[in-house]
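Enquirer: Starting off with a structure, shown below.
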Amino acid sequence: MGSLYLRWRIFRATTLEMGIDHFGLKNFFPGMSWKEKMLEMHAMWEMRIFDALGNEIKLDVALKKCVDAVYDLRERELPYDSLLRKAQQIMLIPWFTPSGYNPDQDWEREGFLPNSDLYREATERLKALPKDS
Amino acid sequence: MQEVVDSYARLTEDELANLGIVLGAYRSFRGNRRAHIGYVSMPITSGRRLCDVLCEEGVRTVEELTAKCGKGALWERVMQPNINEGIAFTDGLGKREDLLFIAPSVFEAKKWRWTQDAYMSLWYRVIAEMAGRHVVMDGWEYSNGGVDEVLFSLYLRWRIFRATTLQIGIDHFGLKNFLPGMSHEERWALSIFVGAFLERPLLRWV
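As you go down the protein sequences, you meet chains A and B in turn.
Numbered continuously in the numbering used here, the first sequence closes out at residue 133.
Numbered continuously in the numbering used here, the second sequence closes out at residue 339.
Printed below as a string of structure tokens:
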């Protein structure tokens, strides 16, 4: 079973633990049973982000926006290190997900679109930037 | 992400206690909250307006702005207009859509002397526990908090936070102190490697 858990990537570095560490979610879902927590998580995964006009902001759009802003800040000679790091985190999200290592994953079918041209272009532009402003 | 990790660690006991009280008030809303509540990301202390003001004054940071234009400059030229704009935007959304929208700029805990870290901890939890929709104002990508909140919602959307995790390894297989001394990135890289390594033999097996 342990190996199957590894195979199915049940043990993941990017997990609720990450939520606790990175976003201060300690004592998240207090007083809930395991089953209730699972249901809550499924509901959480339905989160959608929209812009002011009501268009959904998926990962590739979010990444492009952040990369554009980094370039803008750089051009205006303002500090951009913090935003650059956050854009890198957004870029890496597909790698934190189950089967994220698999380049053949059909993310477009899944509705996530990280393999879109937008994602690829934004990634290339991000990688081309110097790390420090 | 180190700054986010550190920011939570910096919360004082008072802030944590107050955070619990505020969250308790939110949690008193029962029923299908996510279907009826949206969270609105809005710049408050930063955003595109701050960048424009910095450029106008020929300075690079808030500290330089304060030194040049005085202590009230950030409030008058950035925060106050940001807050007003955020509230007006949220009110407009409320008229357009039959939902409740949370405008974070309305809530202020000056009396409790809350730090930026305390506010962010509150809003992450509100997003995760209450909201089914996350709306961002134009220019969100220039706001430190706005980008963090979008990153957070993307983590939710991409199921990064999962109940079936390393914690199961600890609970079920006694893997406490697993991969000690490794950074998060190293552990992540190893988990991918182990998964890929085991793929073939197990595929034959199952």
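By construction, the Cβ of each residue, glycine as well, lies at the ideal position given by its N, Cα and C atoms.
#1: Grab me the residues of C184/B's own chain with a C-beta within less than 7 Å of its C-beta, minus the 5 sequence neighbours each way, in chain order.
#2: May I ask you to report which of helix, strand or coil DSSP gives V192/B?
#3: For M270/B, decide whether its Cβ has a neighbour in chain A, counting only Cβ atoms nearer than 9 Å.
#4: Write down every uninterrupted run of the alpha helix (DSSP H) in the stretch 163-250 of chain B whose length is 4 residues or greater and which is fully enclosed by it, in chain order.
#5: Taking the DSSP output, what are the residues bridged to F50/A?
#6: Quick check: the Cα distance between L255/B and R76/A, rounded to an integer number of angstroms?
#7: Using 10 angstroms around the beta-carbon of W247/B, count the other beta-carbons present and answer buried if the total reaches 16, otherwise exposed.
#8: Just how far apart, CA to CA, sit P103/A and S116/A?
#9: Out of D250/B, K244/B, D231/B, D281/B, point me to the one whose CA is closest to V269/B's CA.
#10: Indicate whether at least one CB of chain B lies closer than 9 Å to the CB of E121/A.
#11: Of all the options R160/B, A200/B, D271/B, which has the alpha carbon lying nearest to the alpha carbon of G54/A?
#12: With I154/B as the anchor, note down where its alpha helix (DSSP H) starts and where it stops.
#13: What whole-angstrom Cβ distance do L289/B and M91/A have, given they're in contact under 8 Å?
#14: CB S286/B to CB M47/A, shorter than 9 Å?
#15: Between which residues of its own chain and L118/A is the CB-CB distance below 6 Å, once the five residues before and five after are set aside?
#16: Let me know the secondary structure DSSP gives G279/B once reduced to three states.
#17: Can you confirm whether R48/A, when its beta carbon is compared against all beta carbons of chain B, has any partner nearer than 9 Å?
#18: If the cut-off is 8 Å on Cβ atoms, which residues from the stretch 264-291 of chain B count as contacting chain A, listed in chain order?
#19: When burial is assigned at 16 or more other CB atoms within 10 Å of the CB, is M32/A buried or exposed?
#20: Looking at the C-beta of F222/B, does it have a partner C-beta in chain A at a distance below 9 Å?
#21: By the three-class DSSP mapping on this structure, what secondary structure does R292/B have?
#22: Using a Cβ-Cβ distance cut-off of 9 Å, determine whether E40/A contacts chain B.
#23: Taking the alpha-carbon positions, what's the L292/B to W208/B distance?
#24: Rounded to the nearest angstrom, what separates M38/A and L233/B at their Cα positions?
#25: For V239/B, count neighbouring Cβ atoms within 10 angstroms of its own Cβ and tell me buried if that reaches 16, exposed if not.
#26: Is there a Cβ of chain B sitting closer than 9 Å to that of A128/A, yes or no?
#27: If contacts are defined as beta-carbon pairs under 8 Å, then G171/B and A264/B qualify, I think. What distance do you get, rounded to the angstrom?
#28: Helix, strand or coil: which one does DSSP assign to Y80/A?
#29: Whose CA, out of R266/B, G205/B, V211/B, lies closest to the CA of D231/B?
#30: Suppose contacts are defined by Cβ-Cβ distances below 9 Å. Is A52/A in contact with V283/B by that definition?
#31: Is the beta carbon of L144/B sitting closer than 9 Å to the one on D250/B?
#32: For F222/B and I177/B, I'd like the C-alpha separation in whole angstroms.
#33: Report the rounded CA-to-CA distance for W245/B versus E121/A, giving the unit in angstroms.
#34: Alpha carbon to alpha carbon, how far is R210/B from V195/B? Give it in angstroms, no decimals.
Expert: So, from the listed chains and residues:
#1: These residues qualify, in order along the chain: Y275.
#2: For V192/B, the secondary structure class from DSSP, reduced to helix, strand or coil, is coil.
#3: Yes, M270/B lies at the interface with chain A (some Cβ there is under 9 Å from its Cβ).
#4: Fully enclosed alpha helix (DSSP H) runs of no fewer than 4 residues occupy 181-190, 195-202, 213-229 of the stretch 163-250 of chain B, in order along the chain.
#5: Under the DSSP definition of a beta bridge, F50/A partners with E56/A, V268/B.
#6: Each residue's Cα considered, the two are about 33 Å apart.
#7: Classification of W247/B: buried, given that the 10 Å Cβ count is 16 or more.
#8: Residue placement at P103/A cannot be trusted, given a pLDDT of 48 that sits under 50; the coordinates are not used to answer.
#9: V269/B has its Cα closest to that of D281/B, out of D250/B, K244/B, D231/B, D281/B.
#10: For E121/A, the answer is no, since every Cβ of chain B falls outside 9 Å of its Cβ.
#11: Between G54/A and the set R160/B, A200/B, D271/B, the nearest pair of CA atoms involves D271/B.
#12: Segment 146-160, the alpha helix (DSSP H) holding I154/B.
#13: Taking C-beta atoms under 8 Å as the contact rule, L289/B and M91/A fail to qualify, at a distance of about 17 Å.
#14: Result yes, Cβ atoms of S286/B and M47/A sit closer than 9 Å.
#15: Cβ neighbours of L118/A beyond the five flanking positions: D60, K64.
#16: Note: G279/B maps to helix in three-state DSSP.
#17: So yes, R48/A belongs to the interface.
#18: Those residues of the stretch 264-291 of chain B placed with their C-beta closer than 8 Å to a C-beta in chain A are A264, G265, R266, H267, V268, V269, M270, D271, W273, E274, Y275, N277, V280, D281, V283, L284, F285, S286, L287, Y288, L289, R290, W291, ordered along the chain.
#19: Counting Cβ neighbours within 10 Å, M32/A comes out exposed, since fewer than 16 surround it.
#20: Interface residue, yes.
#21: Under the three-state reduction of DSSP, R292/B is assigned to coil, being neither helix nor strand.
#22: Taking Cβ atoms only, chain B reaches closer than 9 Å to E40/A, which makes this a yes.
#23: A quick correction: the sequence has Arg, not Leu, at residue 292/B. Going by the C-alpha atoms only, they are around 37 Å apart.
#24: Looking at the two C-alpha atoms, the distance is approximately 25 Å.
#25: Result: exposed.
#26: It does not; no Cβ of chain B falls within 9 Å.
#27: Right, their Cβ atoms sit about 6 Å apart.
#28: Here Y80/A sits in coil by DSSP.
#29: The candidate whose alpha carbon is nearest that of D231/B is R266/B.
#30: No, the Cβ-Cβ distance between A52/A and V283/B is not below 9 Å.
#31: It is a contact, given that the beta carbons lie within the stated cut-off.
#32: Going from the Cα of F222/B to the Cα of I177/B covers about 13 Å.
#33: Cα-Cα distance, rounded: 45 Å.
#34: Looking at the two C-alpha atoms, the distance is approximately 12 Å.
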